[in-house]
Structure formats: structure tokens, C-alpha cells
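Colleague: Below is the structure I would like to discuss, written out as C-alpha cells.
4 protein chains.
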Amino acid sequence: MTPLLDLSRFRNQDDLGLGLKQGPGRSVNKDGTFNVRRKGMPLVRSYELYHRLITMGGFRFLLLLLLGFLIANALFASVYLGIGMEHFVRPGGEGLWDRLCDAFFFSTQTLTTVGYGHISPKSHLVSAVAAFESLLGLLSFALATGLLYGRFSRPHAQMCFSEHGLIAPYREKTAFMFRFVNRRSNQLIEVEATVVFTLLDAETGNRQYVTLPLERAKINLFPTSWTVVHPIDETSPLAGLTDEDLRRGQAEFIVLIKAFDDTFAQTIYQRTSYIADEVRWGHRFKPMSAVGPDGHMVMDVGLVGASEPA
Amino acid sequence: MTPLLDLSRFRNQDDLGLGLKQGPGRSVNKDGTFNVRRKGMPLVRSYELYHRLITMGGFRFLLLLLLGFLIANALFASVYLGIGMEHFVRPGGEGLWDRLCDAFFFSTQTLTTVGYGHISPKSHLVSAVAAFESLLGLLSFALATGLLYGRFSRPHAQMCFSEHGLIAPYREKTAFMFRFVNRRSNQLIEVEATVVFTLLDAETGNRQYVTLPLERAKINLFPTSWTVVHPIDETSPLAGLTDEDLRRGQAEFIVLIKAFDDTFAQTIYQRTSYIADEVRWGHRFKPMSAVGPDGHMVMDVGLVGASEPA
Amino acid sequence: MTPLLDLSRFRNQDDLGLGLKQGPGRSVNKDGTFNVRRKGMPLVRSYELYHRLITMGGFRFLLLLLLGFLIANALFASVYLGIGMEHFVRPGGEGLWDRLCDAFFFSTQTLTTVGYGHISPKSHLVSAVAAFESLLGLLSFALATGLLYGRFSRPHAQMCFSEHGLIAPYREKTAFMFRFVNRRSNQLIEVEATVVFTLLDAETGNRQYVTLPLERAKINLFPTSWTVVHPIDETSPLAGLTDEDLRRGQAEFIVLIKAFDDTFAQTIYQRTSYIADEVRWGHRFKPMSAVGPDGHMVMDVGLVGASEPA
Amino acid sequence: MTPLLDLSRFRNQDDLGLGLKQGPGRSVNKDGTFNVRRKGMPLVRSYELYHRLITMGGFRFLLLLLLGFLIANALFASVYLGIGMEHFVRPGGEGLWDRLCDAFFFSTQTLTTVGYGHISPKSHLVSAVAAFESLLGLLSFALATGLLYGRFSRPHAQMCFSEHGLIAPYREKTAFMFRFVNRRSNQLIEVEATVVFTLLDAETGNRQYVTLPLERAKINLFPTSWTVVHPIDETSPLAGLTDEDLRRGQAEFIVLIKAFDDTFAQTIYQRTSYIADEVRWGHRFKPMSAVGPDGHMVMDVGLVGASEPA
């Protein structure tokens, strides 16, 4: 391995907390999660359950709600059937299907507190179970209210990054660049970027890390897109490295973005990374913004990753 | 173009992230939004929908809720009519209008879970649809609860700025000034101001930016009003510039305010800008506060923009 | 006026944003609000309404809810009476009182969605009004849910300050001191204190401000009480001042406390002030903490203001 | 007492706000609470009540809800019985038990707004009480909604610390070390550690505090575990101290962790401490992470405290 791939001569080394020993492959996944699995975690507890309900996909969440509703009613219907349908005032027939349905729909009418009353408790035992069921129903919907609000109000990943990082001539020098836009209608402000470059030391098998100086590390306003630029001058850890070197050293550019979401008064963090396969040499970004026909500036969000040979 | 309009001699250049290339007109609108349009945004998704429901006007929001309620009931009423009104126990007549109304109002009584019971399901199929409708109703109102809370608790623009910036004699010098008050009853504290001055470079068509030094950039308490002052001394980018120069260079004073809302423990950001047309030369602000008849200090919020020839 | 009362020789002058011109009396009230009134505020709007409902006393809030409930039902009852009680299926009598009560209680049963059904709509017009009322009821309770949550989760004033500031011998010098405790069960951490001393300049009628250096301006943990100490050495703005001087100069010690509430992850600010009348000379604080009979440290919160002649 | 146990020669003394005078035993408990009791606190008020309902255990909270539901219904049932069951339309019998049950279940059906209607008010007095009860029911469930959301969304203690601190050879020196992991699925970032070492001065009975320099005081990302290391070189307050010294001086390592919870956009603080009994000499931590059979990094959270003789 050539000395070029040894980052130890740089002062601003910082492994970000990722540790020197790592498994194969990238440290940070494209979606910003870490390439590590955990075992020995505590069993499902209320907080973990809440965390999963808050972060799971919307369709799956709705399906789960519907399923929970069906299961709860099936359970209570079983109890009512166990007590006996003769404990109810009801207009329905005495066949099994009629009794099953009446028990189930009395349960749904109780759980949702709609309570039409055409099926109603005759005995006190049924009244007691129904009282408990309607309490449970109200608490469940209280919980659902909190979950729905929690799902929407929590911070969301908002930045859309260019698929590739580029290494290309830039203002009489060469530079490593990537670009990102805000995919949401929120106003993001005080946006900060940190880029850490990492190589695998073939001798020790340890990863070495160095923070790359950026042409600009913070912008106050973020109306359109931001192209983050690391100029590759003679002091850069990338000076002299080739595409081949990056692949050999399992290079990775770890990107940390911090911003403030003006709409919800929340600080937002987002991460991504570019490995050697995701770096294009000699490409530059196409412009995303242009003055539209009516004289207004128009930005095409879909062009965030568009590049062309320099 | 005279060299006076070249801001490149100032060190503290910072385009705030607005970019050098811009369309015609102002960079930042009076209400703090950016003068840029975006296209290629993803289709309406749950988050975007939430964002719009949270930020739209109150009257429109209520109208939308009412409309959604009517549409949902119309849809369910159609289903009930499709199943057939003979599947209901109901006191009403058999005319089309009666059947339509009974289907619609059975739906409203189910969706809101009021469930009087004078119209009630006779068949199991209707009971099943009604169970689903009441579940949907409860979830919708859970959502509405979250939306209403989200609308009120999110940070709100609170500062009311003077309509014009003033350039006038100030303490033996000249100064650029603007004034703002808190329009709300909240306590704002740790208020910070940043003012960036920008001119269009006629040669390159690029905008140049420079941060203006302020007499005072932060106040701890904000009980009344704050007049932000940039003294125009010989080191100021505004030194020697005339009204004519500002218009020619499409000058803009971009204002960024940051504050902490004591009532809701939220950091709040607000932006505005003054273009050359919105600067009054030789005017000074009238006092807003005076000792009232009962000996108390009284501030007239409506006078925030009141100025008089100096 | 003696030169002693002129604070202009101190560098760290900072009026905190209170302004130099002020009315008579204190700048900051004991409860931390500012001694200024505002007029010309915009009329009651949804945000202001929300703000008042969130910050008003609990008893008044409940009374308002009850009143709103009664008024809403009275209004809808009037509508039902206007339509005519013959549009209802109801078991009640035909007297005026019976009709009034039936209209009112049909309304309450609709607004709360309890909907027993012993009174139920006969005509479609009544069904339509009732559908609207139950929608309104659900939205109102959605709003009430948000308000109740907003009331509890917003940051609360938590610190209880000693009634008097003390000026007394302290560690071989003299010092200005005050003490405060956390009145709540929350854990407060990273507590910071700022004390600004202000005197009225009799010649100009302006107030002069100077920030007092503190023996300690920040503590990381706040398990018990904190006595904030400004040592009065030869460099202190208080050096040489007497009780008489403080009264003559309408002195005020403005106190700003900032802390982080561990339980709700919120930054909390609190203010208070001590005027000359609220300063005791030659007194020192009594200890608040002692080792209890079982060997545990016990702090008596009620003793926060307890002092004794030094 | 040997001079070794005198920490006054160190500059970075900071008692963190714990105070010099303390009772026997540790300053900070293992769970991060302070070893001090408070008396003279104000009586139970709405905020305190909210605080307790938010922080109590989940099972106890549900039990309390159920109990509150039963008590509220028992109270309203008493009122209905006092008015007399002849004021109701009801199918039930006239025995005491029947009347008791009907009153109770009419109450449950009103409080939960299920309102079947098979028991319904005959007199206006009962209607009025029922109207009030259903209002109360809705407000209670509004409150429960807020409480449930508040319980889940508030910051939670997340870090799991090694049971013991270790003092052992580390990179050619000796070091004090402890380790912790995130027990939750949340992403924690920008994690900071502060360690304060404290000894009891046997002469004065006061505690002395000194902040220990750490090999690394902050990590940006926290994917796995973090071993916090204080190297014991000649400048360390621990230099030359033995296990016996630590016990004699009632030594305590107070640990403060600060982190940002990415999922909920909240700053989180957590505390713990190690007393002399909880320090193992000559032990080092076992690795927690290993490359799994499928080539992925796997961390066993349960091994956080696992150590072995060095």
C-alpha cells in the first residue's frame, strides 16, 4: 500500500464515533443509518413499541390499526358469546351466524362508542363488560390521536442528495462536490455540512478518518440547492489519489447535515455517504435553477443529481 | 458603473446561501419567503399534506374540514343506498328523498359516533360498513385533534417591521435604521438581528453581498420595540451611496431576526427585506412609547412604521 | 448627585433591551413581566385567543369551558325550538318547559355524541342541524384536547426566589446575594444567572445599566438551592454605595435565569428583580439543608427567603 | 489524611452545583437522581399532578385510569340513585341490585358517550346531570389523550452504563474507563461526556471536586458503544491513588452525558455515578462488537458491563 493511502499525517482526525474496527462494506448507509446490527436489546416495551409505531410506514400503520380493531372486537365478541346472547336485547335471529354477528357488531358499536342501542345489554354482566370495552375504546383512540400527531410532528428526513459525488475541475482547481435540495415545502435555515473522508489501512485493518475542509461549511438560508465543495489542493487528503486508490482503500465520504426547520422549530440532522463506486470523476453538476418565462427563478428539484462531463 | 457599487472590497461577504445568480426583483419577499419557485417536487404525500393543512389559513382549514365531512358522508350514504334501505330499521318514508336523507343522516350519526339509534342497521352487511365508518370517524377526529394542536403550537411569525428602512442623521453620524415590535402577547427574549446588504454587479450580473455591522446585534429582553441601527461611517458599504445608486444597483437590505419564544420554549426565526423603493432618506422614527396618564409606560404598537422628516 | 451614582465608567454596559427612557417604578416586575403596557395591538385573533386560553388560570379555564358548553347548547336549542319540537320523536310533554328542556338536552346529547336516542330527529331538517352540531362537538373537543395538552406541556415558571436580596459580609468581603430553589419536581440542569444593576441618572432622567460579575454564573446540576453572589470589591459598581444611594438612584437588580428542564427537554427562562426596598443590609441567608434523622440530606424549600442578621 | 487526597491543587474545580456540604453516601444515585430530599414543597397542584402522571410507571398509570373511571361512575351513580331511579326509562327490575346496576351502567354509558339508550333519562333533572357527566367524560378523555401523548413523547433515559468503572492499563498508561450503549432504537448523535471526580476532605468534612480530562469528550455519531477514557498520567487527580485511598476519601465519579435524539429532535441528558465500591482495578472491557456470520457488524448490547482481568 502506498503512503498516499495513509491519513495519519492529518491533524483533524475524527472517527465521529464510528470506531476503528469495522466490518466490510460502508460505515454509513445511503439513508443515514449505520451499518451495524444490535442484539441483546431489551424485549418489546412500551417505548420501543411507540418508537416503531411512530417510524413505520403509513400504509402499514393504518393496516395495523385496522387489524387491532378487528382483533379487539373479535376478543370482546367471544366474551359476549361466552356469556350468552340471551343476555342481550336484540332484534336478530337465533342462528349461529346471527348470534356471531350480533356479538361482533355490539362490540364494534361499544368500542367506537357509537351505541345505536338496537342491540343493548339485558344483564348487568354484559353491561359491565361493555363499560370496560367502551373505556378501552376511548383510551385506544386517545392513544391513536397521540400516535397520529407524533407521526406527523416528528422531524423528517428532508434533504435529497445527488446520487453521486463528483471530482472535477472547479475554479482553477479540482474539487470533490455533492449537491442536495430540500424535498419538502419547509423552510430550512442555518444549514451546516460536515464531510469526513475515511480509508481502510490495509496493514492494521483499521479505518482512518479525516475531516475535509469545505469551501463553505454553513449557509444561513436554503432557498434552492447547495453544492458542498471540498477543494482538492496540496493540503487535501485527496491530493494525488486516483479512482483506483479510492476503491483499493474502500474510501467513503461520510456526510453530516444539520439544519433548523423553521416551520416546526426543530433542529434536524441528516446523514448520507458516498463510497468509491458513487464518485464520478470529471463530471460537473448541471444547473438546477433558471429564470422562468414569467421572469421568476424556477428550480427543478428533480435535477439534483444531474451531471455532465466537465 | 462606479466603483462605489462594487462590494468586493469588503471582507465579511456572505451570500447567506441565496446564490450569486438570481432572477430579477428582490431576493427575499416582505413576508420572509424566498423569491424562487420549485418544480419537480414529489407528488402530494402524507407529510406535504400535513404541512399544507398546518400552514393554510384558518377559515380555509375549517371549510376543508366541513367539505371533507360532507364528502365522506355522501360516499357512505351511496354505499348504504347501494346496499338498499330495506336493510335498515327506520321510521322514515319510502320516497327517494326520504331514503337519501335517511342514508345520509345514518352516515353522519355513525361517523360522529352520536348513534341515536332511531335509524339502525337491520342486516349484518350494513353493520359491517357502519363499524368501518365509525372507526374511520374516530381516526379522522384523532387526526383533526392533532392538526388543530399542530396549527396552534407551531411557531408563528410574530414581529411587525416598519414599512420603510430609514437613512438619516443619527448621533452625529448617518445611519440605516429599521424598527420592529412583537405583535403578539408572547415574551420574546435573546433577540438577534443580522442585516445583509446586496447590490447587483452590472458587469457580471451577479449579486454581491456584505453583512452590515450593527450598533447592537442582540438584546436580552424585548419588552417594547427595537430600532436596529447600522451606522454609516467611512468603513460602511453604504458610505457615499445615494438613493440613485441604491436603485441602480437593485439594492436590498436582507433582515434576519432570531428570537426565543418564552411561552412555548421555541426558537423563532423571521426574515424580511427592504429594497431601494422601501428606503426613506432623511426620515427618522417617531417615538412609540410614552408615559401614560397613570404613570405607566405605554407603547403604541401601531406606530412601528411612523416616521417624520429628521 | 454624587459621581458614585454614575455607572458610565463601567465597560460592560448593557440595557438588556429595556431602553434608556422609562416610566417611574421598576423595569421588571417581581414575576418577571415588564413594566410597560401596549396599545394598538391587533384585535383578538385565533393565535391570541389560543395564547390566552393556554396561559389563563386553571379554574377560569374550566369555567370558560363550562360556559362555552352552555352557550353552544342554548344556541342550538334555540334553533331546534325555532324549527319546532314537532320535528322530534320524543316522550316528553307539550308544555313550554318540557319543550325547552327537550330541545336543550337533545342538543347536549348531540354535542357530546352521547346520543341516547330517546329524543331523536323526526324531520330531515333537524337531522341536518344535528349532524352539523355533532361535527362541531367533535371539533370542539379536539380543540379542548389540544388546549389541555398545551396548558400542561408548555414551560412553567419554576424558580422560587428569596423575597429580598442581601448585602452582607461574605468570605472576608461584602457581597450582594439572592437565593432561589426549584419549586417543582423537575430536574433543572445547566442553570445560568445574569444580574444587571441599574441606576437612574438624575440629570438626564435616563437609566444606566451594568452587568454585575458573579462569583459563579453557571451550575451544571441544581439539586437543592443556589445562592447567586456578586462580590462587592473595589471594581464593583456597588462599591461605596449605601442604602440611601440605592433608594435615591431608584436602583434595581434585574435577574435573568436560564435553565434546561430535563423532564420535558425544554429551555426555560425566568426573570425577577430586586429594587432598593427589597434589599436587606447586613443580613445573611439561613441554611436550607441539613442532614435528617435518617442520615439523608433534607432541604426545606420554604426557607428560601429566610435570613438573619450577619 | 495524606496530601494525595487533597484536590485543591487542581484548577478545574467545579462542584457542578452539588455544594460542598453533603450528607453521607453518594452525591448522585445510579439512576442519575440526587441524593437529597426536599420538604416544604407546595401542595399537590395541577402541574405537579401532571408531572407525576407523566413520570409514573405504565402499569400504575393504567390502574389509576381504571380506578378513576370506577370512582367517577360510582359518584354519578350515587347522584342518580339520590334523584331516584323512577326518573329513568329502563327495562330493568326494581330490586336494590337492579337499581344500583342500572344507575351505574347508565353512568358508564354517559361518561363514555356510548349512550345505547335502553336506559334513558325520563326527567329533566337526570338529563341535566347526564349532560354534565358526558361533558366531564369528554374532557377527561381529552386529558387522557394529552397524558398518553406526553408520556410517550417526553425524553427518556436511554443510555445503559457498565455496572463498574474500570482502572486498568490502557495504551501504555493506566486509565479510568466506563462504557455505555444506547438501549433504544433511536439514533443518538453529538454525544458529550463530562466526568467529575470528588473526594471528601476529612478535615473540613467538605467535598472537593475536579473535572477529569477525557481522551475524547464528544462523538458525533453513536452507532454502537462508547468507552469513555480518562488517562491517569502524572497530571491526573487520580495519579498515585489506590483502591484504599478511594474508599477512605469516599470517592465518586460523577458522569454527565448529553446527547441529541434524532428521532424526536430533543436534547437528552443523563447522569450516573461510580463510587469506590463500583470501581474494578486491573479489569478491562470485553469487546461488544464482532463481525457476524453474514459479514455484518453485530453489537451485543447485553455485554456493556462485561469485563475481564487485564
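Chains as they are written, first to last, in our numbering: chain S, 1 to 310; chain C, 1001 to 1310; chain X, 2001 to 2310; chain D, 3001 to 3310.
All residues carry an ideal CB built from backbone N, CA and C; glycine is no exception.
1) Looking only at its chain, what residues have a beta carbon closer than 7 angstroms to the beta carbon of residue 72 (chain S), apart from the 5 residues adjacent to it on each side?
2) Residues in its own chain within less than 6 angstroms of residue 1080 (chain C) by CB, not counting five upstream and five downstream?
3) Taking only the alpha-carbon atoms, compute the straight-line gap between residue 2127 (chain X) and residue 69 (chain S) and give it to the nearest angstrom.
4) I'd like to know whether the C-beta of residue 3150 (chain D) is nearer than 8 angstroms to at least one C-beta of chain C.
5) In whole angstroms, what is the alpha-carbon distance linking residue 2296 (chain X) and residue 3036 (chain D)?
6) How do the stretch 3165-3181 of chain D and the stretch 3270-3283 of chain D stand: do at least 3 beta-carbon pairs fall below 8 angstroms, yes or no?
7) Spell out whether any CB of chain C is found under 8 angstroms from the CB atom of residue 2266 (chain X).
8) For residue 3006 (chain D) and residue 3231 (chain D), I'd like the C-alpha separation in whole angstroms.
9) Please list the partners that residue 2113 (chain X) has in chain B, where partner means a Cβ-to-Cβ separation under 7 angstroms.
10) Between which two residues does the alpha helix (DSSP H) containing residue 2230 (chain X) stretch?
11) Check the Cβ-Cβ distances between residue 2107 (chain X) and every residue of chain C, and say whether any is below 8 angstroms.
12) Start and end of the beta strand (DSSP E) containing residue 165 (chain S)?
13) Would residue 1035 (chain C) count as contacting chain S if we go by Cβ distances under 8 angstroms?
14) State the DSSP-derived secondary structure class of residue 3184 (chain D), mapped to helix, strand or coil.
15) Curious, which full-length beta strand (DSSP E) runs of at least 3 residues does the stretch 43-112 of chain S contain?
16) Against residue 117 (chain S), what residues of chain X qualify as contacts under a CB-to-CB distance less than 8 angstroms, listed in chain order?
17) Can you list the residues of chain S that residue 3284 (chain D) reaches, using a CB-CB cut of under 9 angstroms?
18) Using 8 angstroms for Cβ pairs, my map puts residue 3195 (chain D) next to residue 3215 (chain D). What's the rounded Cβ distance?
19) Determine the extent of the beta strand (DSSP E) in which residue 283 (chain S) is found, giving its start and end residues.
20) Against chain C, with Cβ distances strictly below 8 angstroms, would residue 2204 (chain X) count as a contact?
21) I think residue 17 (chain S) touches residue 3220 (chain D), with their Cβ atoms under 8 angstroms apart; what is that distance to the nearest whole Å?
22) Please classify residue 1262 (chain C): does DSSP put it in a helix, a strand, or coil?
23) Report the three-state DSSP secondary structure of residue 2129 (chain X) (helix, strand or coil).
24) Just to make sure I have the definition right: I need the residues of chain S whose C-beta is within less than 7 angstroms of the C-beta of residue 3144 (chain D). Which are they?
25) Please report the distance separating the alpha-carbon of residue 3121 (chain D) from that of residue 1136 (chain C).
26) Pairs of beta-carbons, one from the stretch 1141-1148 of chain C and one from the stretch 136-152 of chain S, closer than 8 angstroms: are there three or more?
27) In whole angstroms, what separates the C-alpha of residue 109 (chain S) from that of residue 3060 (chain D)?
28) Rounded to whole angstroms, what is the Cα-Cα separation between residue 1197 (chain C) and residue 1063 (chain C)?
29) Examine chain C for any beta-carbon lying closer than 8 angstroms to the beta-carbon of residue 2155 (chain X), and answer yes or no.
30) Report the neighbours of residue 3225 (chain D) on chain X: residues whose CB is nearer than 8 angstroms to its CB, in chain order.
31) Can you name the residues that DSSP bridges to residue 159 (chain S)?
32) Just mark residue 1323 (chain C) as buried or exposed, buried being the case when its beta carbon has 16 or more other beta carbons within 10 Å.
33) So the candidates are X:2133, X:2113 and X:2125; which of them puts its Cα closest to the Cα of residue 1066 (chain C)?
34) Consider the Cβ of residue 2306 (chain X): report whether some Cβ of chain S lies at a distance smaller than 8 angstroms.
35) What residue range is occupied by the uninterrupted beta strand (DSSP E) comprising residue 300 (chain S)?
36) Going along chain C in order, which residues have a C-beta closer than 7 angstroms to the C-beta of residue 29 (chain S)?
Modeller: In brief:
1) 111
2) 1103
3) 29 angstroms
4) no
5) 6 angstroms
6) yes
7) yes
8) 19 angstroms
9) Reference to chain B is not applicable here, since the protein chains of this structure are S, C, X and D.
10) Premise fails: residue 2230 (chain X) lies in the beta strand (DSSP E), 2225-2232, not in any alpha helix (DSSP H).
11) no
12) 165-170
13) yes
14) coil
15) none
16) 2116 and 2117
17) Those do not exist, as residue 3284 (chain D) stays about 16 angstroms from chain S at its closest Cβ, beyond 9 angstroms.
18) Going by Cβ atoms, the distance from residue 3195 (chain D) to residue 3215 (chain D) rounds to 11 angstroms, so no, they are not a contact pair.
19) 283-285
20) no
21) 6 angstroms
22) coil
23) helix
24) 139 and 142
25) 30 angstroms
26) yes
27) 29 angstroms
28) 42 angstroms
29) yes
30) Within chain X, no residue comes near residue 3225 (chain D); the closest Cβ sits about 23 angstroms away, beyond 8 angstroms.
31) S:182
32) With chain C covering only 1001 through 1310, there is no way to say anything about residue 1323 (chain C).
33) X:2133
34) no
35) 297-300
36) Residues of chain C passing the Cβ test: none, with the nearest at roughly 21 angstroms.
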